[in-house]
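Take the sequence shown: its position 22, counting from 1, is numbered 22 in UniProt numbering, and each next residue is one higher. Idealized CB from N, CA, C, for every residue including glycine.
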Amino acid sequence: MELWDLYDSEGNRTGEVWERRHGNFLEIPNGRYHLVSDILVQHKDGTFLLCKRHTCKDVYPGYWEASAGGSALYGETAEECARRELFEETGLKADSLELINISFSDKSHSMVYCFTASVDCNKDAVVLQESETTEYKWVDAAGLIEYSNSDLAIKTSVKRYESFYDKVRSMLK
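Following this line, the structure appears as structure tokens:
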């Protein structure tokens, strides 16, 4: 059983708790949100980690994403969630995290904290979490921008990191 804290539109915990079941995030009451941490991973050599979502996922099955992440468990902060999800989904530990953006989605009833994570590891050390992801690859900055423009990119995620992608684009010029 997975429990989530619920938040109001100002990002404050309401004291309400949601029991997650497959797909039931859509039933969260209007005006309430669950906390999600999303982590874009950059290796010290400048490359970025892309992971392919498992086909059994209830949201964006089979899509590539330039992030790891998921919902915060009851009592977790956004950073605690980010570090846990990054390790669970990739086996990697962040040397540092930088908060890039916080966005709300009424459609998914989520408050998404977007981080970039810096890692210094053997690039073959990625361990994919069963039922979460099926493949991974490291891409350079041009590959990250190519991914962000592709049909298999999760556009809501790309939009959340728009300022970061703009910075990468400017570095490529």
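In the structure shown, cysteine 114 adopts extended strand secondary structure according to DSSP, grouped into three states. When beta bridges are read from the DSSP output, leucine 144 appears opposite no residue. In the three-state reduction of the DSSP assignment, cysteine 121 falls in the coil class, being assigned neither a helical nor a strand state.
Short of 7 angstroms from the beta carbon of threonine 133, and not among the five residues preceding or following it, lie these beta carbons of its own chain, in chain order: Cys51, Lys52, Arg53, His54 and Glu89. Between the alpha carbons of threonine 77 and lysine 123 lies a gap of roughly 28 angstroms. For the pair threonine 14 and glycine 62, the Cα-to-Cα distance works out to about 34 angstroms.
About 6 angstroms separates the Cβ atoms of glutamate 98 and phenylalanine 115, confirming a contact at the 8 angstroms cut-off.
Around glutamate 16, the same chain offers Leu6 as residues with beta carbons nearer than 6 angstroms, after the five sequence neighbours per side are excluded. By the neighbour-count definition (other C-beta atoms within 10 Å, threshold 16), alanine 72 is a buried residue. Sorting Met171, Glu27, His22 and Ala153 by C-alpha distance to the C-alpha of cysteine 56 places His22 at the top. DSSP, reduced to helix, strand and coil, places arginine 32 outside both helices and strands of the structure shown, so it counts as coil. A direct Cα-to-Cα measurement between alanine 125 and aspartate 95 gives close to 15 angstroms.
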